[in-house]
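**Q** Line by line, the protein sequences are chains S and F.
Heads up: the first sequence begins at 318 in the numbering used here, then just goes up one per residue.
Heads up: the second sequence begins at 6 in the numbering used here, then just goes up one per residue.
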Amino acid sequence: MSLEEVAVVAREQGAEIVRLDDALNALAKMDPRRSQVVELRYFGGLSNEEIARVLKISENTVTRDWNLARAWLYQQLTGSGAN
Amino acid sequence: MTPERWQEISRVFKSAISLDGEARSAYLNRQDDSLRAEVEKLIDSHQQADGEKFIDGVAAEDNAHLLVLDDDSREEPSRRLSKDQQLGSYLVLDTLGAGGMGEVYLARDSRLGRTVALKVLAQDISSDKRRMQRFRQEAKIASSLNQPNILTIFEFGETGDLTFLATEFVDGETLRDYMHGKRLKIGEVLDIAIQVLAALDAAHDARIVHRDIKPENVMIRRRDRVVKVLDFGLAKVTERKSTMLTGQESELEAATEFKTAPHSVMGTINYMSPEQAQAQPIDERTDIWSTAVMIYEMVSGMLPFKGATDSHTIVQILEKDPVPLTQFTQLKVPAELQRIVSKALSKNADERYQTAKDMLIDLRSLKKRLDVETEIERTSSPETPRATVAIEASERRPQKRRVLAIALIAMALATAGIFALNLWRSSRTRSNAAVAPVEQRTLTYWITVQKFRDGKPYQNPFTVPGEILFETGYQIRVSFRSPQSGYLYVLSEGPREASGQTQFVTLFPSTTANKGSSLLPADQVVQIPEASWFRFDRQQGTERLWLVFSSDAVPELDALREFASTRTAGLVTDPAKNRAVQNFLTQHSAEQAKAEKGDAQTTLQAPGKLLVYPVKLEHH
């Protein structure tokens, strides 16, 4: 789908994903690998197994990275974080 | 938060989460207060995120409602229905899309309790009563055929000044989106083509010609990949006037009063048959042509007939034979498929398959043969078990989704008033995270030469360290490696156009090399071209390969990535981008890299963050 072919129904929900993108960028500054895990899984639709292969880490590490990164992103997006 | 602090938090989080109940409390109690508080909060968030299934799916799917197709990129059509609005017995649930023919909504039929797609036809189409009458008739007949690959039409309705069509709702995507500018595997192409032809076969039996077979009119259902052909009969009422043509109205068209409205939709002409392009009478065989164009596109990622303008395209449709699919050697297209496609693309309709059924039979037997061959290959080589196939299949999907996600994010950002894609891309390349700062850039390259005689390699390939003087029959590969990670771009300087502008061909990154990324990890070898050999254009005398190796991503060159596919053989077709590249190279080639020629390779060094170097490939 080219950009020309995509038009947007402007909606509130768009803002959510922009905020997630911002938070993900912030995470990348502190922790590139964990943000990459989120990127691959949520934006890329890769399974943990595939992510493990791409990043050359174990599947367990992917799961742990995912848990932490997601918890942190959740905190940022719901405003329950300390910073 | 500093990265060090984050490291500490993540370490404690990781340990804590692996413990439960009291062990976890005990462990956390041993940490200092602020650390414990932070980690406890994170664990809370972790549990809540779990419960809410926070970002549990895939972005593109979660946010699919943000995307709407506008397949002829006109201005956003006005939406005539809104959510929760009632239209007859239908309650509008959501907007699905908008195209030339009108808008499409997701709706609920309150009488039968089923979900339907509601297509509200554009005013200019629906205002012609006679055309509508005919459309209604054809659409009804087609859908009453009850063929599983034809989208079922439930109802044709009119309320007030709105004409609408209630159809089966297919949860899936159009073949256009499904292909997404990429090639499909042969097996998949056959699956899709066979289903399209099965739909056509049934329709043709009922004497209905689709007239507008194209990827936008083929849907692929998500859950089972069943193909549905849309809009039977609709083409007739929406087709545009063929102004570039003889001006002679065909008898058939005149007789049935299906002349097109002057302001009707401008469709794509790439799938039109020669007779269609000339506004001559058409029949079932036009659908056979269009299906073959689609097969060609699915296999090669390219359109068989595509000129700079519509008129050029028409000339190609009328006169040119497309490049045979078998010439895309890396695709391993079966000769039989080429035969089928080329027969279906006969300029003279009498030489084509005369019925969809005949073509269907040929495609089916080809598929059967390939399935058998695959089975034999699989059983005879236990070394390559099924898993490889599964991995291949699974690798295609995420990539596609990611691109979809990119488009999605880009558009979401655009609504936020930010200029989209570049920003998103550059934020995603994470230029500083992966590349360690160094005082100078170092890049090593070497050239492998293979002699060819009569199109076949002969003698063993040998390696030369640097620039090269070609002899007849030489073909080469160039390999690169660096002890540093960095952004690598390799371009070949193409023919100079009449305008005096140079065109560039992007060789690296490519969609297959390095997963399309320009970021090259340290000590990884890259070879160009990956699978074939680089041939020298004898006419030109000198060819140049530009090597750019940089600490930071170079936006001018990253922008070329869309040309890195085989679609245009890497040729950068956008003049503005060519200009930007030219400017970049001119600006930076003055500070040329130092080349040190070894026995087998040349090492280039340039102070600072950027290395730019032209490798000359000369002919005797």
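Every residue gets a Cβ at the ideal spot worked out from N, C-alpha and C, and that includes glycine.
Keep in mind it's a predicted model, so treat the numbers as computed, not measured.
For Ser487 (chain F), count neighbouring Cβ atoms within 10 angstroms of its own Cβ and tell me buried if that reaches 16, exposed if not.
**A** Result: buried.
**Q** How many angstroms separate the CA atom of Phe18 (chain F) from the CA atom of Thr380 (chain S)?
**A** Spanning the two alpha carbons is a distance of roughly 13 Å.
**Q** Can you check whether the CB of Gln480 (chain F) is closer than 8 Å to the CB of Gln464 (chain F)?
**A** No, the Cβ-Cβ distance between Gln464 (chain F) and Gln480 (chain F) is not below 8 Å.
**Q** Taking its Cβ as the centre, do 16 or more other Cβ atoms sit within 10 Å of Thr318 (chain F), making it buried, or is it exposed?
**A** The residue in question, Thr318 (chain F), is buried, as its Cβ has 16 or more Cβ neighbours within 10 Å.
**Q** Give a yes or no on whether the minimum CB-CB distance between Ile533 (chain F) and chain S is below 8 Å.
**A** Chain S contact via Cβ: absent.
**Q** Along chain S, in chain order, which residues have C-beta atoms closer than 8 Å to that of Leu47 (chain F)?
**A** In chain order: Leu385, Ala388, Trp389, Gln392.
**Q** Of all the options F:Thr172, F:Gly491, F:Thr591, F:Ser23, which has the alpha carbon lying nearest to the alpha carbon of Gly162 (chain F)?
**A** Nearest of F:Thr172, F:Gly491, F:Thr591, F:Ser23 to Gly162 (chain F), Cα basis: F:Thr172.
**Q** Between the C-alpha atoms of Thr378 (chain S) and Asp38 (chain F), what's the straight-line distance to the nearest angstrom?
**A** For Thr378 (chain S) and Asp38 (chain F), the distance between alpha carbons rounds to 27 Å.
**Q** Nearest by alpha-carbon distance to Ala203 (chain F): which of F:Asp217, F:Val231, F:Ala28 is it?
**A** That would be F:Val231, whose Cα lies nearest to the Cα of Ala203 (chain F).
**Q** Who does Gln532 (chain F) pair with in a DSSP beta bridge?
**A** Partner(s): F:Ser484.
**Q** What are the partner residues of Ile225 (chain F), as DSSP defines its beta bridges?
**A** Paired residue(s): F:Glu178, F:Val232.
**Q** Consult DSSP for Val1 (chain F) and reduce its assignment to one of helix, strand or coil.
**A** The question about residue 1 (chain F) has no answer here: the residues shown for chain F are numbered 6 through 625.
**Q** Quick one: is Thr380 (chain S) near chain F, going by C-beta distance under 8 Å?
**A** Closer than 8 Å: no.
**Q** For the region 547-559 of chain F and the region 604-621 of chain F, state whether three or more C-beta atom pairs, one from each stretch, are separated by less than 8 Å.
**A** Taking 8 Å as the limit for Cβ pairs, the verdict is that the region 604-621 of chain F does touch the region 547-559 of chain F.
**Q** From the DSSP output, in three-state form, read off Asn465 (chain F) for me.
**A** Asn465 (chain F): strand per DSSP, three-state reduction.
**Q** Can you name, in chain order, every residue of its own chain whose Cβ lies under 7 Å from the Cβ of Ala605 (chain F), other than the five neighbours on each side?
**A** If we look at Ala605 (chain F) and ignore the five residues flanking it on each side, its Cβ neighbours are Trp451, Thr468, Pro470.
**Q** Does the region 214-226 of chain F come within contact of the region 273-292 of chain F, defined as at least 3 CB pairs closer than 8 Å?
**A** With a cut-off of 8 Å, the region 273-292 of chain F and the region 214-226 of chain F count as touching, because enough Cβ pairs lie within range.
**Q** Return yes when the Cβ of Ser497 (chain F) is within less than 8 Å of the Cβ of Arg446 (chain F), no when it is not.
**A** Result no, Cβ atoms of Arg446 (chain F) and Ser497 (chain F) do not sit closer than 8 Å.
**Q** Decide yes or no for the touch test of the region 154-161 of chain F against the region 294-309 of chain F: beta carbon pairs closer than 8 Å, at least 3 of them.
**A** No, the region 154-161 of chain F does not touch the region 294-309 of chain F.
**Q** Assuming Thr296 (chain F) and Val201 (chain F) are in contact, meaning their beta carbons sit under 8 Å apart, how far apart are those beta carbons, in whole angstroms?
**A** Contact flag correct, Cβ pair sits at about 6 Å.
**Q** DSSP state of Tyr95 (chain F), grouped into three classes?
**A** Strand, per DSSP.
**Q** Could you tell me if Phe424 (chain F) is buried or exposed, where buried requires 16 or more neighbouring beta carbons within 10 angstroms of its beta carbon?
**A** With a pLDDT of 31 at Phe424 (chain F), under the threshold of 50, the modelled position of that residue is not reliable, and the figure given next carries that caveat. Label assigned to Phe424 (chain F): exposed.
**Q** Are there 16 or more other CB atoms within 10 angstroms of the CB of Gly491 (chain F), so buried, or fewer, so exposed?
**A** Gly491 (chain F) is buried by the Cβ-count criterion.
**Q** In whole angstroms, what is the alpha-carbon distance linking Arg226 (chain F) and Tyr183 (chain F)?
**A** Going from the Cα of Arg226 (chain F) to the Cα of Tyr183 (chain F) covers about 10 Å.
**Q** When you compare only the Cα positions, how much space is there between Gln587 (chain F) and Thr507 (chain F)?
**A** Cα-Cα distance, rounded: 7 Å.
**Q** I need the straight-line Cα distance from Gln353 (chain S) to Glu341 (chain F), nearest angstrom please.
**A** Using only the alpha carbons, I get a separation of about 44 Å.
**Q** Taking the alpha helix (DSSP H) that Asp217 (chain F) belongs to, which residues open and close that run?
**A** Per DSSP, Asp217 (chain F) belongs to no alpha helix (DSSP H) and is neither H nor E.
**Q** Determine the extent of the alpha helix (DSSP H) in which Trp294 (chain F) is found, giving its start and end residues.
**A** Unbroken alpha helix (DSSP H) run through Trp294 (chain F): 290-305.
**Q** Compare the C-beta of Asn377 (chain S) against all C-beta atoms of chain F and say whether one is closer than 8 Å.
**A** Answer no: the Cβ-Cβ gap between Asn377 (chain S) and chain F never drops below 8 Å.
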